[in-house]
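Q: Numbering (the numbering used here), first residue to last: 42 to 543. Backbone N, C-alpha and C fix where the C-beta goes; we use that ideal spot for every residue, glycine too.
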């Protein structure tokens with residue numbers, strides 16, 4: 042919700058204007074359809090067998106039904122809902138500073154962040170959360186566990202922990218504190234002179250954090266950079282504009298916003314921009330939305346980056362949150378965002394005069410060209426230059442992940458091998474130990490299946506052990522080595538002829 046309001050707040054940057062309240066009209070001057078609605082409501086109030094709940098008829102019936110004819114994003118808020126919305130915007134996110142793995146009936150701590158309540162209490166990676174305030178975890182499904190964890194972050198709680206080698210459960214008192222999650226949360230090397238940065242969301246600090254991360258990796262001495270925008274839902278549009286200016290040339294168009302009741306507004310790279318020149322790959326998926334699509338669409342249209350992955354979500358609209366009479370409110374779509382080549386980011390809204398109503402595959406679909414003349418598809422969302430689907434897990438991989446046995450084995454291993462050796466690798470002997478461990482839990486893959494899955498099992502086990510020993514970020518570096526979308530992005534950075542060939 043906070044990101045939604047942040048997007049609305051930035052609407053003014055690109056020309057979204059609040060509409061004024063219409064003057065009061067006499068009944069005779071009202072639209073005939075509106076007069077008919079008033080007549081119907083009056084008859085209902087007068088002749089209905091039961092006393093009609095007028096507020097419910099209007100707030101939950103008439104107004105939502107009317108707005109559904111516009112688009113899925115325009116929303117009416119009753120006075121109580123609008124007040125709650127404003128309270129949520131002002132609320133602060135609290136937590137205990139721990140990263141956990143949630144499985145059916147089991148929660149394992151993967152990392153506690155330095156200086157946070159869970160870290161100060163002494164909770165360690167590999168600890169198992171047994172109960173919260175005497176509510177046992179073992180009998181709960183994952184969604185129930187998530188709801189319990191969410192509720193627990195609102196107040197002081199007592200947690201019970203099972204630790205390898207401890208004779209009894211450990212008890213900790215935790216009080217939630219304000220948590221500040223950076224929008225740029227990962228930065229490391231994938232290969233010599235090829236960096237990786239993940240942008241989880243867009244806020245006012247994102248462009249600065251992105252530049253800082255790039256400089257720590259070497260700045261323009263980099264040969265290439267992979268930017269990961271997967272599952273990034275968007276946020277502050279200005280942050281995406283500022284980030285795009287780190288890579289595009291001065292004066293290049295980043296974005297255009299066009300609506301029915303306002304003149305088109307544009308955003309260009311500042312004249313004094315000094316962009317980075319290394320090669321760039323951007324990974325997107327179906328949950329990449331809004332500001333992330335603005336950023337990736339602009340860099341694609343200017344042939345500045347190769348887009349890898351799956352088609353993005355397709356949310357490219359300007360919304361204004363307007364106060365109404367009696368404390369109600371309305372979030373209404375006032376314009377749409379377009380990439381430099383003219384593509385609408387928004388997936389077509391039914392019968393909308395503001396959006397593209399044609400099918401991208403139809404004969405009347407316009408053709409969009411990048412600066413170098415490459416054809417890029419319109420019709421909503423950003424289409425990748427290189428389509429790569431995430432790798433589907435096999436039957437054995439699904440069992441190993443869902444059961445949590447790799448996490449449990451990693452905990453047992455580290456109890457005997459801590460601190461972890463700097464040059465740690467999964468050896469054949471360690472895989473043999475794992476195989477015995479699995480058999481003790483009734484997981485006994487056949488020889489052919491075990492042999493076929495051995496590379497994945499080795500990588501996944503290494504990830505689990507390093508995660509518990511050195512933190513989630515280090516574990517994700519291992520995961521990146523088997524991620525097909527990241528590996529495809531690396532390949533694109535090394536293929537100097539790729540953009541010209543597309």
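Could you give the uninterrupted runs of the alpha helix (DSSP H) lying entirely in the region 407-452, keeping only those of 4 residues or more?
A: List check, alpha helix (DSSP H) in window: 436-444.
Q: Just to check my reading of the structure: residue 319 and residue 263 have Cβ atoms closer than 8 Å, yes? What is that Cβ distance to the nearest angstrom?
A: About 4 Å separates the two Cβ atoms, so the contact holds.
Q: What did DSSP end up calling residue 289 once you bin it into helix, strand or coil?
A: In this structure, residue 289 counts as coil in the three-state DSSP scheme.
Q: On the DSSP letters alone, give me the boundaries of the beta strand (DSSP E) that residue 364 sits inside.
A: Its beta strand (DSSP E) spans residues 358-364.
Q: Just list the residues that DSSP pairs residue 472 with in beta bridges.
A: Paired residues: none, contrary to the question.
Q: Can you check whether the CB of residue 281 is closer than 8 Å to the CB of residue 335?
A: Closer than 8 Å, so yes.
Q: Assign residue 279 to buried or exposed, taking buried as 16 or more other Cβ atoms, counted over all protein chains shown, within 10 Å of its Cβ.
A: Flag for residue 279 reads buried.
Q: In or out: residue 529 buried (at least 16 other Cβ within 10 Å) or exposed?
A: So residue 529 ends up on the buried side.
Q: If we ignore side chains and look at the alpha-carbon of each, how far apart do residue 414 and residue 407 end up?
A: Going from the Cα of residue 414 to the Cα of residue 407 covers about 14 Å.
Q: Determine the contact status of residue 376 and residue 299, defining contact as a CB-CB distance below 8 Å.
A: Yes, they are a contact pair.
Q: Looking only at its chain, what residues have a beta carbon closer than 6 Å to the beta carbon of residue 467, apart from the 5 residues adjacent to it on each side?
A: These residues qualify, in order along the chain: 499, 502 and 503.
Q: Which whole-angstrom value is the C-beta distance of residue 148 and residue 176, which I expect to be below 8 Å?
A: The Cβ separation is near 12 Å, so there is no contact.
Q: Is DSSP giving residue 466 helix, strand or coil here?
A: In this structure, residue 466 counts as coil in the three-state DSSP scheme.
Q: In or out: residue 230 buried (at least 16 other Cβ within 10 Å) or exposed?
A: Classification for residue 230: exposed.
Q: Examine the Cβ distances between the region 417-431 and the region 348-365 and report whether three or more of them are shorter than 8 Å.
A: The region 417-431 vs the region 348-365: in contact.
Q: With DSSP as the reference, please indicate the residues paired to residue 354 in a beta bridge.
A: Answer is none; residue 354 lacks a bridge partner.
Q: With a threshold of 7 Å on Cβ separation, who are the neighbours of residue 533 within its own chain once the five nearest residues in sequence on each side are excluded?
A: So the qualifying residues of the chain are 322, 347, 349, 427 and 539.
Q: Residue 380 and residue 342 - do their beta-carbons sit closer together than 8 Å?
A: Yes.
Q: Check this for me: beta carbons of residue 384 and residue 409, under 8 Å apart or not?
A: Yes; because the gap between Cβ atoms is below 8 Å, this pair is in contact.
Q: For residue 191, count neighbouring Cβ atoms within 10 angstroms of its own Cβ and tell me buried if that reaches 16, exposed if not.
A: It is exposed - the Cβ of residue 191 has fewer than 16 other Cβ atoms within 10 Å.
Q: Any idea what DSSP makes of residue 319, helix, strand or coil?
A: Of the three classes helix, strand and coil, the one that applies to residue 319 here is coil, per DSSP.
Q: Could you compute how far the alpha carbon of residue 433 sits from the alpha carbon of residue 496?
A: About 15 Å.
Q: On the three-state DSSP scale, how would you describe residue 333?
A: Correct three-state label for residue 333: helix.
Q: Using 10 angstroms around the beta-carbon of residue 153, count the other beta-carbons present and answer buried if the total reaches 16, otherwise exposed.
A: Under this definition residue 153 is a buried residue.
Q: Can you list the beta strand (DSSP E) stretches of 3 or more residues lying completely in the region 126-165, in chain order?
A: Whole beta strand (DSSP E) segments, 3+ residues: 139-144 and 147-153.
Q: I'd like the span of the beta strand (DSSP E) that includes residue 203, first residue to last.
A: Segment 198-203, the beta strand (DSSP E) holding residue 203.
Q: If you check the beta carbons only, do residue 174 and residue 199 fall under 8 Å apart?
A: Yes, Cβ-Cβ distance for residue 174 and residue 199 is below 8 Å.
Q: Using a Cβ distance threshold of 8 Å, determine whether the region 357-377 contacts the region 448-460, with at least three qualifying pairs required.
A: Verdict: no, contact absent.
Q: Which word fits residue 480, buried or exposed, when buried means at least 16 other C-beta atoms lie within 10 angstroms of its C-beta?
A: By the 10 Å Cβ count, residue 480 comes out exposed.
Q: How big is the Cα-Cα spacing for residue 545 and residue 316?
A: With the chain represented from 42 up to 543, any question about residue 545 goes unanswered, as that position is not in the structure.
Q: Span of the alpha helix (DSSP H) holding residue 87?
A: Segment 73-88, the alpha helix (DSSP H) holding residue 87.
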